[in-house]
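> Pasting a structure here, questions to come.
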Amino acid sequence: MVLNAIVPTLNIEIMNKKKQIMKDGSNGYRFEVVSKRNGKYIPLRYELEGIKRIITVTSSLIAMYNNPSICLMIDEFDSGIFIRGVD
Numbered sequence: 006m007v008l009n010a011i012v013p014t015l016n017i018e019i020m021n022k023k024k025q026i027m028k029d030g031s032n033g034y035r036f037e038v039v040s041k042r043n044g045k046y047i048p049l050r051y052e053l054e055g056i057k058r059i060i061t062v063t064s065s066l067i068a069m070y071n072n073p074s075i076c077l078m079i080d081e082f083d084s085g086i087f088i089r090g091v092d
């Protein structure tokens, strides 16, 4: 998996998949996306912003790689990423 090459301890899984009736009356599913690290599950909505950004960009890069008609542009990728020197 590509994501494991970037963040070796991270896996993404779907949990709590349940059938439900949608607003329009059709059948649908409700589920939760979670990250799994070192045997512990964390709902993706509580994951670090940097990890969520890596997941989003990685999925976009994979889509671009698999479809030559896609042009991916990333603006301000490093926004919110801070590097601090160690003295």
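The numbering used here applies: residue 6 is where the sequence shown begins, and numbers increase by one. Think of the CB as a built atom: it goes at the ideal place given N, C-alpha and C, for glycine as much as any other residue.
Can you say whether S4 is buried or exposed, counting buried as having 16 or more other CB atoms within 10 angstroms of its CB?
Only positions 6 to 92 of the chain appear in the structure, and residue 4 is not among them; the question remains open.
> CA-CA distance, I19 and E52?
For I19 and E52, the distance between alpha carbons rounds to 15 Å.
> Could you have a look at M69 and say whether DSSP puts it in helix, strand or coil?
M69: helix per DSSP, three-state reduction.
> Would you mind stating whether L8 and I79 have Cβ atoms separated by less than 9 Å?
Not closer than 9 Å, so no.
> Return yes when the Cβ of K45 is within less than 9 Å of the Cβ of F36, no when it is not.
No, they are not a contact pair.
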